[in-house]
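Residue numbers (UniProt numbering): 55 to 747.
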Amino acid sequence: GEGAQAAEVRTTCPYCGVGCGVLARRTAQGVEVRGDPEHPANFGRLCSKGSALGETVGMADRLLAPRVAGREVDWDSALDLVAGKFRAAIAEHGPDAVAFYVSGQLLTEDYYVANKLMKGFIGSANIDTNSRLCMASSVAGHRRAFGTDTVPGLYEDLEQADLVVLVGSNLAWCHPVIYQRLVAAKAARPGLKVVVVDPRRTATCDIADLHLALAPGADAVLFNLLLAHLADAGRLDVEFLKNVNGFEAALAVAREARAAEAGLAAGDLAAFLALWAGTEKVVTVYSQGINQSSSGSDKVNAITNCHLATGRIGRPGMGPFSVTGQPNAMGGREVGGLANMLACHLEIENDGHRAAMQGFWGAPVMAAKPGLKAVDMFRAVEAGQIKALWIIHTNPAVSMPDADRVAQAIAGCAFVVVSDITDRTDTARLAHVLLPATGWGEKDGTVTNSERRISRQRPFRAAPGAARADWWHLAQVAQRMGFAGFDWAGPAAIFAEYAALSGVAGDLGSDFDISDHAAIGVEGYDALQPFLWPANARQRGGRFFGDGRFHTPDGKARMLPVVPRAPQALSAAHPFRLNTGRIRDQWHTMTRTGLSPRLGQHLAEPFLELHPADAGRLGLAAADLAEVTSPQGRAVLRVLVTDRVAEGHPFAPMHWTGETAPTGRVDALVAGITDPVSGQPESKAAAVAIAPF
Ligand code: SF4
Numbered sequence: 055g056e057g058a059q060a061a062e063v064r065t066t067c068p069y070c071g072v073g074c075g076v077l078a079r080r081t082a083q084g085v086e087v088r089g090d091p092e093h094p095a096n097f098g099r100l101c102s103k104g105s106a107l108g109e110t111v112g113m114a115d116r117l118l119a120p121r122v123a124g125r126e127v128d129w130d131s132a133l134d135l136v137a138g139k140f141r142a143a144i145a146e147h148g149p150d151a152v153a154f155y156v157s158g159q160l161l162t163e164d165y166y167v168a169n170k171l172m173k174g175f176i177g178s179a180n181i182d183t184n185s186r187l188c189m190a191s192s193v194a195g196h197r198r199a200f201g202t203d204t205v206p207g208l209y210e211d212l213e214q215a216d217l218v219v220l221v222g223s224n225l226a227w228c229h230p231v232i233y234q235r236l237v238a239a240k241a242a243r244p245g246l247k248v249v250v251v252d253p254r255r256t257a258t259c260d261i262a263d264l265h266l267a268l269a270p271g272a273d274a275v276l277f278n279l280l281l282a283h284l285a286d287a288g289r290l291d292v293e294f295l296k297n298v299n300g301f302e303a304a305l306a307v308a309r310e311a312r313a314a315e316a317g318l319a320a321g322d323l324a325a326f327l328a329l330w331a332g333t334e335k336v337v338t339v340y341s342q343g344i345n346q347s348s349s350g351s352d353k354v355n356a357i358t359n360c361h362l363a364t365g366r367i368g369r370p371g372m373g374p375f376s377v378t379g380q381p382n383a384m385g386g387r388e389v390g391g392l393a394n395m396l397a398c399h400l401e402i403e404n405d406g407h408r409a410a411m412q413g414f415w416g417a418p419v420m421a422a423k424p425g426l427k428a429v430d431m432f433r434a435v436e437a438g439q440i441k442a443l444w445i446i447h448t449n450p451a452v453s454m455p456d457a458d459r460v461a462q463a464i465a466g467c468a469f470v471v472v473s474d475i476t477d478r479t480d481t482a483r484l485a486h487v488l489l490p491a492t493g494w495g496e497k498d499g500t501v502t503n504s505e506r507r508i509s510r511q512r513p514f515r516a517a518p519g520a521a522r523a524d525w526w527h528l529a530q531v532a533q534r535m536g537f538a539g540f541d542w543a544g545p546a547a548i549f550a551e552y553a554a555l556s557g558v559a560g561d562l563g564s565d566f567d568i569s570d571h572a573a574i575g576v577e578g579y580d581a582l583q584p585f586l587w588p589a590n591a592r593q594r595g596g597r598f599f600g601d602g603r604f605h606t607p608d609g610k611a612r613m614l615p616v617v618p619r620a621p622q623a624l625s626a627a628h629p630f631r632l633n634t635g636r637i638r639d640q641w642h643t644m645t646r647t648g649l650s651p652r653l654g655q656h657l658a659e660p661f662l663e664l665h666p667a668d669a670g671r672l673g674l675a676a677a678d679l680a681e682v683t684s685p686q687g688r689a690v691l692r693v694l695v696t697d698r699v700a701e702g703h704p705f706a707p708m709h710w711t712g713e714t715a716p717t718g719r720v721d722a723l724v725a726g727i728t729d730p731v732s733g734q735p736e737s738k739a740a741a742v743a744i745a746p747f
């Protein structure tokens, strides 16, 4: 029974991309968790969010039955309605008149089914994910540099490096267990140097030997300066460069960078260049400060350029390293959950790849072109082009840029389905049909973390009420739309099918091949230990590209000429550049972390970090309320006066919603400006005005 003491279950944390192993069990009091000492991501550690997991699995506000127009119905009625509406929209307006907007919170098996249904059976690629807001620039940068979206290294590289450079990453708050591993490595080996590149002085700077408070958006300038310096200082790896195209062009453009544009003290810049150039074992870790930019893809390539030019990649303690935000952003990328990709690193633009996937699935109408990326998808919803929209485990009415406009677009859509564990989200309130999903502790499947390690999420209690897994919602609707190939008995069968598909991809040269799991049964799946892909990862030290072989058609890496581009311009009416991001103890839009009083104590309400000089000029004091406006929207935030931010560059966290703080929706301020290559929005550089409220 729910109250009795039960055995410990080995599972994975549902929050960030570190992907920590968790041991969880039900007790008379509730749910008890501890870090899994045997999991290779965390070796027993957990952060504040992970340790509070037991407090966030309560039944308050759970959605327990399907609802249509606010009234509870049985599953058959809800699923028949969804299938009928999607079928009718496709029949009348074509496959591109429907869309799925999914989430890095989905398990790989759920993602697999959503992607198969949309791309192979509906015949559109209109499936995109909130990973577009998080990782898309890294995906684009990886594909341009390496030929595939492949993370070269491992977490242990941060421990084995002699220099770790963190760019646009508040690792201490956003990937706390990797940060703890880095702190421990530095304590054991003080020679390990840490440099933090960030316009803000974040908590991560506590361990920095050097903090570069770079001008916002000047990351590509900095890494162009570095590339030119590497050439001048004779630090190029001439042998390795034989495996790289584009070096001369990249260097020529890099030489045009001007030090003044980086906005750094001359001594700090020189120290950074000398340290990076003079340290062979260097890892450059980057995150949303790089990705969430209108030139995020180029910034990623400016970083990889420096690693390629020096051959410092794919060997112990060396490489560019993208740390992902979400628990399964990586799994979603591998399974083809983005509008411009197919599963297993196959390409939607490649006729042979599409044909192989269609053949494997026995699919009637394979999507033939990339679908709508997140920002464009909601513009198409607004324009009335999307007649049926299914939103799964994400809250775009809060988290998308231009969030008020997105909420209005959803409200105006002819048919909206939302799958979630609660109806108390800003998006769920706009749905015609609500489908009750399972939450952490009930879900059963796999996730991939930032170092390509696939781990199981295992259930330790029964789903409440009529809640069912997301893959089941999707498979039921697919079957009711008349499609064959969606009758799995459970997630083990879906994983086995996915693994078999990866074998087809492997035959086409894809690096993502986990086909040694294609015959896995329920028992094998239940016993599955965390493992790295590819299957031969252990032989190759778990890393890619150290051997100079890349996944491009000619096997060579690509360096790109990167011309730095500034973020959107400020104006007299909107003279401040607002930076947005996470805080330590909340996750996304607080659906789960908001349930823990302990987590709420760290920072209890939406706030605005403002430099003392800005505060003085605006007549704002600590704890005053500030009204922040942009052409897109408005928020009212509590002022926190601090010199951790630069003058003119305030910061506000993005977690609060219409439910938790009606005037604290910070993404309402952010413009829907995107990177032209990756489609990722510029969430780090909104132009805003600030006034006392
Ligand atoms: Fe969970 Fe990330 Fe914290 Fe690990 S670091 S416990 S995965 S939130």
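The beta carbon of each residue, even a glycine, is placed where N, CA and C say it ideally should be.
Straight across, the Cα-Cα distance linking Val-472 with Phe-375 is about 34 Å.
By the rule of a C-beta closer than 5 Å to any heavy atom of the ligand SF4, the residues picked out are Cys-67, Tyr-69, Cys-70, Val-72, Cys-74, Leu-100, Cys-101, Lys-103, Gly-104, Pro-230 and Val-231. Of His-265, Leu-295, His-283 and Asn-224, the smallest CA-CA separation from Gly-609 is found for Leu-295. Nearest neighbour of Gly-379 by Cα position, chosen from Phe-514, Ala-428, Ser-191 and Ala-313, turns out to be Ser-191. Inter-residue distance for Gly-416 and Leu-171 is about 12 Å (C-alpha atoms, whole angstroms).
Using a Cβ distance threshold of 8 Å, Tyr-155 and Ala-428 count as a contacting pair. Bridge pairing for Ala-623: absent [DSSP]. In this structure, DSSP gives Ala-572 a state outside helix and strand, which the three-state scheme calls coil. Between the C-alpha atoms of Ser-351 and Glu-310 there is a straight-line separation of about 19 Å. Below 8 Å, too few C-beta pairs join the region 140-152 and the region 505-517 to call them touching: fewer than three. The closest CA to that of Gly-425, considering only Gly-390, Glu-663, Ile-727 and Gly-413, is found on Gly-390. It is roughly 8 Å from the alpha-carbon of Leu-443 to the alpha-carbon of Cys-467. The beta-bridge partner set that DSSP reports for Asp-474 consists of Pro-490. By the neighbour-count definition (other C-beta atoms within 10 Å, threshold 16), Asn-96 is a buried residue. For the set Arg-366, Val-470, Phe-414 and Pro-685, the Cα lying nearest the Cα of Ala-538 is the one of Phe-414.
Counting along the chain, the unbroken alpha helix (DSSP H) around Gln-530 starts and ends at 524-534. Arg-121 has its alpha-carbon roughly 24 Å from the corresponding atom of Glu-163. The residue from Pro-735, Gly-595, Pro-704 and Val-87 with its alpha-carbon nearest to that of Arg-369 is Gly-595.
By the Cβ test, the region 639-656 is in contact with the region 98-109, since at least three Cβ pairs between them sit closer than 8 Å. When the beta-carbon positions are compared, Arg-198 and Leu-657 stay at least 8 Å from each other. Counting every other CB atom within 10 Å of its CB across the protein chains shown gives Met-113 a total below 16, marking it as exposed.
About 7 Å separates the CB atoms of Val-72 and Ser-504; that is less than 8 Å, so the two are in contact.
Looking at the DSSP output, Ile-727 bridges to nothing. The three-state secondary structure of Ala-442, taken from DSSP, is strand. Spanning the alpha carbons of Ala-482 and Leu-117 requires a straight line of approximately 10 Å.
When Val-731, Thr-696 and Pro-660 are compared, the shortest CA-CA separation from Arg-719 is found for Pro-660. If you compare the alpha carbons of Leu-362, Gln-214 and Ala-667 with that of Ala-304, the shortest gap goes to Leu-362. Annotation: Thr-634 to Ala-706 spans about 5 Å, alpha carbon to alpha carbon.
Looking at the DSSP output, Val-136 sits in no beta bridge, so it has no partner there.
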